[in-house]
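Everything on this sheet refers to the single structure shown next.
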Amino acid sequence: MMKRYVLLVGGSGARVAEAMLCAACAGVFRADALDVLLADVDHRGSRSAELLRAKYADYDRMQVAVSDQAGEASPFHTQMNFRSWPPQLPGGAASISEWTDMTGTDALLCQALLDEEASALNMREGFGGRRTLGQVVFAGLLDEAERTPGDPLFAMIDEMNADCDAGAEVRVVLAGSVCGGTGAAGLPLLARCIREQTQGRVRLGAVLLAANGDHEDPAKARDGLAAFAQEDVCDAVAVLGLPMSSCSSVPADYAHLTDWLAVYSMDVLLHRPQWPSGVFTVKAPEGPLSWAIFGKAADRYRLAYGRLVKAAAAWIHVVAPQVEKRMRRPNFLRDSLFGWYAHFFRKVDGERNVFADDVAGLSRLMSVVLLWLGGMLRTLPPEMRYAAELSQARAEAEEHYAGLTALVSHLTMLDDDAQKDADYEDSMVHRHDPGDQSDRAQTMKRIDAVKQEIARRSAEQERMNRHIGGAAAAQMMQASLAAAEAAEAELNERYAEANRRIDHAESIAAPEDQYRITDARTKLERMTRHQQVLRAQTEYIRSDADRALSPERRYEKPQVTGAAEKDRLFSADFTARLLQERRMTRRDVEAMWSGLVLPADGMTLRQALKLTKKEKAKPTAPVMSLLYALIIHSMGEV
-2 MMKRYVLLVG GSGARVAEAM LCAACAGVFR ADALDVLLAD VDHRGSRSAE LLRAKYADYD
58 RMQVAVSDQA GEASPFHTQM NFRSWPPQLP GGAASISEWT DMTGTDALLC QALLDEEASA
118 LNMREGFGGR RTLGQVVFAG LLDEAERTPG DPLFAMIDEM NADCDAGAEV RVVLAGSVCG
178 GTGAAGLPLL ARCIREQTQG RVRLGAVLLA ANGDHEDPAK ARDGLAAFAQ EDVCDAVAVL
238 GLPMSSCSSV PADYAHLTDW LAVYSMDVLL HRPQWPSGVF TVKAPEGPLS WAIFGKAADR
298 YRLAYGRLVK AAAAWIHVVA PQVEKRMRRP NFLRDSLFGW YAHFFRKVDG ERNVFADDVA
358 GLSRLMSVVL LWLGGMLRTL PPEMRYAAEL SQARAEAEEH YAGLTALVSH LTMLDDDAQK
418 DADYEDSMVH RHDPGDQSDR AQTMKRIDAV KQEIARRSAE QERMNRHIGG AAAAQMMQAS
478 LAAAEAAEAE LNERYAEANR RIDHAESIAA PEDQYRITDA RTKLERMTRH QQVLRAQTEY
538 IRSDADRALS PERRYEKPQV TGAAEKDRLF SADFTARLLQ ERRMTRRDVE AMWSGLVLPA
598 DGMTLRQALK LTKKEKAKPT APVMSLLYAL IIHSMGEV
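Read left to right, the sequence shown gives residues -2 to 635 (my numbering).
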């Protein structure tokens, strides 16, 4: 027997809670039941504990209704027992200053250790990325929770101990971000609390979300990972992130790809027959995104999520409006769409009201699915959507920039030659030779032409940099700067060594050998000219690199035209359809189904509805069994 528990921490944990809900709807989890606890003090936004509890309640309605129909790894198979912690902040306080004012000693410590801004911070809105502040609050929350009868967290820990006493293998997985305040503070403290309270009898794992966007600081992620590593209480740890080249601006209120990868990692930790041990890095690969990111589970995930999103779109835009209309007007429509289910919608008003509540709950749940998946797809870095185009564009930009910097070197030599000519003329008494004036005019003309060409190429380079995006442009500039600095340093070292040897040779050379020293000095002068050229080139690249690293440019998204994606689920067009507010027609939904993550010979909407109406309805839950049958038939082979 195996029991599984999941603890989600902070705002990122709340996002993962929504991702888990969609995974359960799809039938990804193979467990009969999962106990889920969200530990978060932030009560704002669309992913607050209260709103998540309402979403999980809609799932429970469906899961209970079809539990006797659902087999292992089928939609709505897993019972999701959701709870949240803490029920309230210590003493009902909103800030640390209010909390510590209850005892004089704590108030003095608060004044001594925390500045006014930190002590007055509203804890109901999170910790603003302050990990140390979060640790103080979490330590107090855990201390108070242990003394509070019926506390949700310690009630869950008691259940873990009871399962261990009964001989079950207990797996516990924590998940959250190590970049902010709540997750970075709560993850290590909760892990240590569980380890101590269960006396090390549970298998303890963690899924840590590292920095993967503009608004998340890699330095904070490193500090958070270091703090978690110091606790050394987990048997298995999965660290999630995106490629550095994919760090581009994304809307913070949408789901991220890492949320999906977190669900996959938890799926592995919770359900793999052999418990993995050690630290694993899970990173979305460079290149176009496909189902391959889920490894051996790729086909299972493709079928599970594919049939769910297709059925959800059909329910929201085709089936639910017809069901609602029939309940309002029982004699409306023939039975061609609903088949066996139709007579249930002719019930008396009281029963129809129950059905109406079921339809509303399922529509909310399916909307969550569509919005979550659409939001996740919308935030996919362009580097994953358009890898081939951007790879070629980066190569072209690098080649063009190399030519641009070479032209800057050429301009430096021309300027140096012109300056030397001017110095030579200044040293002469007679400077009125027309030929000399003509040569100088030609030199200045060549310099002006090179300057104009540099300006033209700089404008073209700017266009190329915007094409590949700020992150890739900054990376290219940094690589060019490193190469230029290395070349300059090597030349300076060679110059210093050559100068040292010439000085030594001059000190011991015979008078008749002095001409050799003069020749060597002449050659050294040429090296000085080369130094000047490299120095100018390095300064030019450094200026570009500094500008590329500025916040307003570093996080610019690539400007791509876009080619056809390998998997249509990940296409920008499909994402726009998922997130559109207007209701799609049946023809629109049929078009969306066509060729979308299907087997070679796939099911059309018309065929799925035809098979669905032949399924026998569950008399006690006809609406839920209607949706369940629609999902089951959405990906069937013809």
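For glycine and all other residues, C-beta sits at the position ideal for the given N, C-alpha and C.
What first and last residue would you give for the alpha helix (DSSP H) that runs through E321? Counted from its first residue, the sequence shown places residue 321 at position 324. First-last of the alpha helix (DSSP H) with E321: 317 to 325.
Quick check on the DSSP output: the alpha helix (DSSP H) that includes L237 runs from which residue to which? The count along the sequence shown starts at 1 and reaches residue 237 at position 240. Looking at the DSSP string, L237 is not in any alpha helix (DSSP H); the run it does join, the beta strand (DSSP E), is 233 to 238.
Close Cβ partners of S274 (< 7 Å) along its chain, the five nearest in sequence each way excluded: By one-based count along the sequence shown, residue 274 stands at place 277. Counting only Cβ-Cβ distances below 7 Å, and skipping sequence neighbours, we find D232, A233.
Chain-order list of residues whose beta-carbon lies under 7 Å from that of E553 (same chain, five-residue window excluded): Start at 1 with the first residue of the sequence shown, and residue 553 comes out as number 556. Here the set comprises R463, G466, G467.
Where DSSP assigns a beta bridge to R168, which residues make up the other side? Position 171 of the sequence shown, counted from the start, is the residue given in the question as residue 168. DSSP output for R168 lists R1, R200 as bridge partner(s).
With DSSP collapsed to three states, give me the class of V557. Locating residue 557 in the sequence shown gives position 560, counting from the first residue. Coil at V557, not helix or strand.
Under DSSP, the alpha helix (DSSP H) around W590 begins and ends at which residues? Translated into positions along the sequence shown, residue 590 becomes position 593. First-last of the alpha helix (DSSP H) with W590: 583 to 590.
Hey, which unbroken runs of the alpha helix (DSSP H) at 4 residues or more fall wholly within the stretch 597 to 629? 602 to 609
Do L488 and L531 come within 8 Å of each other at the CB atom, strictly closer than that value? Locating residue 531 in the sequence shown gives position 534, counting from the first residue. Locating residue 488 in the sequence shown gives position 491, counting from the first residue. Yes; because the gap between Cβ atoms is below 8 Å, this pair is in contact.
How would you call Q60, buried or exposed, if buried means at least 16 neighbouring beta carbons within 10 angstroms? Here residue 60 refers to the residue found at position 63 when the sequence shown is read from its first residue. The residue is buried, with at least 16 neighbouring Cβ atoms inside 10 Å.
From the DSSP output, which residues share a beta bridge with A36? Here residue 36 is taken as the residue at index 39 of the sequence shown, counted from 1. Partner(s): V6, W82.
Closest residue to G10 among A399, R453, H253 (Cα-Cα distance): Sequence index remark: in the sequence shown, residue 10 carries index 13 (1-based). When only C-alpha atoms are compared, the closest one is H253.
Assign G173 to one of three DSSP states: helix, strand, or coil. By one-based count along the sequence shown, residue 173 stands at place 176. The answer is strand: DSSP assigns G173 an E or B state.
Are three or more beta carbon pairs between the stretch 433 to 452 and the stretch 501 to 519 nearer than 8 Å? no
Span of the beta strand (DSSP E), counted from its first residue to its last, around G275: What you label residue 275 is simply residue 278 of the sequence shown in a count that begins at 1. Taken as a continuous stretch (DSSP letters only), the beta strand (DSSP E) holding G275 covers 275 to 280.
Through-space distance from R551 to N470, alpha-carbon basis: Here residue 470 corresponds to residue number 473 of the sequence shown, with the count starting at 1. Here residue 551 corresponds to residue number 554 of the sequence shown, with the count starting at 1. Checking the sequence shown, residue 470 turns out to be Ala, not Asn. Taking the straight line joining both Cα atoms gives about 8 Å.
Could you give the residue range of the alpha helix (DSSP H) that holds I538? In the sequence shown, residue 538 corresponds to position 541, counting from 1. Unbroken alpha helix (DSSP H) run through I538: 511 to 545.
Quick check: the Cα distance between L330 and K307, rounded to an integer number of angstroms? Reading the sequence shown from its first residue, position 333 is the one you call residue 330. Reading the sequence shown from its first residue, position 310 is the one you call residue 307. Confidence at L330 is low in this model, with a pLDDT of 48, below 50, so the placement of that residue is unreliable and no value is reported for it.
Buried or exposed: which applies to S424, given that a residue is buried once 16 or more other Cβ atoms fall within 10 Å of its Cβ? The residue you call residue 424 lines up with position 427 of the sequence shown. Caution is warranted here: a pLDDT of 47 is assigned to S424, below 50, making its placement in the model unreliable, and no coordinate value can be reported.
Helix or strand or just coil, what does DSSP make of L205? Translated into positions along the sequence shown, residue 205 becomes position 208. Looking at L205 - three-state DSSP - the assignment turns out to be strand.
Mapping DSSP to helix, strand and coil, what is R12? Looking up residue 12 in the sequence shown gives position 15. Helix.
Distance, A484 Cα to L401 Cα: For the purposes of this step, residue 401 is identified with residue 404 of the sequence shown, where counting begins at 1. For the purposes of this step, residue 484 is identified with residue 487 of the sequence shown, where counting begins at 1. Using only the alpha carbons, I get a separation of about 17 Å.
Length of the line joining the Cα atoms of V276 and L205: If you number the sequence shown from 1, residue 276 lands on position 279. If you number the sequence shown from 1, residue 205 lands on position 208. Going by the C-alpha atoms only, they are around 11 Å apart.
Taking all protein chains shown into account, do 16 or more other C-beta atoms lie within 10 angstroms of the C-beta of R497, making it buried, or fewer, making it exposed? Looking up residue 497 in the sequence shown gives position 500. Counting Cβ neighbours within 10 Å, R497 comes out exposed, since fewer than 16 surround it.
Would you list the one or two residues that DSSP bridges to M157? Sequence index remark: in the sequence shown, residue 157 carries index 160 (1-based). Partner(s): none; M157 has no beta bridge.
Given V63 as reference, the closest of R580, D355, A486 once Cα atoms are compared: Counting from 1 along the sequence shown, the entry for residue 63 is found at position 66. Nearest of R580, D355, A486 to V63, Cα basis: D355.
On the criterion of 16 or more Cβ atoms from any shown chain inside 10 Å, does E15 qualify as buried, or is it exposed? Start at 1 with the first residue of the sequence shown, and residue 15 comes out as number 18. When all chains shown are included, E15 counts as buried.
Out of A353, L305, V316, state which residue places its alpha-carbon closest to the alpha-carbon of M324. The residue given as residue 324 occupies position 327 in the sequence shown. Of the candidates A353, L305, V316, the one whose C-alpha sits nearest the C-alpha of M324 is A353.
Straight-line Cα distance separating H527 from Y492: Indexing the sequence shown from 1 puts residue 492 at position 495. Indexing the sequence shown from 1 puts residue 527 at position 530. Straight-line Cα distance between these residues: approximately 10 Å.
What are the boundary residues of the alpha helix (DSSP H) that includes H501? For the purposes of this step, residue 501 is identified with residue 504 of the sequence shown, where counting begins at 1. Taken as a continuous stretch (DSSP letters only), the alpha helix (DSSP H) holding H501 covers 467 to 505.
What do you reckon, are the CB atoms on M(-1) and R168 nearer than 8 Å? Along the sequence shown, one-based indexing puts residue -1 at 2. Along the sequence shown, one-based indexing puts residue 168 at 171. Yes. Within cutoff.
In this structure, does DSSP put S631 in helix, strand or coil? On the sequence shown, position 634 is the one that residue 631 refers to. Three-state result, S631: helix.
Along the chain, where does the alpha helix (DSSP H) containing A310 start, and where does it finish? Taking the first residue of the sequence shown as 1, we reach residue 310 at position 313. 295 to 311 is the span of the alpha helix (DSSP H), which, as asked, contains A310.
Residue from F225, T179, R219, D162 whose Cα sits closest to the Cα of Q196: For the purposes of this step, residue 196 is identified with residue 199 of the sequence shown, where counting begins at 1. Closest option to Q196, Cα to Cα, is D162.
Beta-carbon separation of A152 and V13 under 8 Å? Mapped onto the sequence shown, residue 152 falls at position 155. Mapped onto the sequence shown, residue 13 falls at position 16. No, these two residues do not count as a Cβ contact at 8 Å.
Simplified DSSP state of L286, which is helix, strand or coil: The residue labelled residue 286 in the question sits at position 289 within the sequence shown. Of the three classes helix, strand and coil, the one that applies to L286 here is coil, per DSSP.
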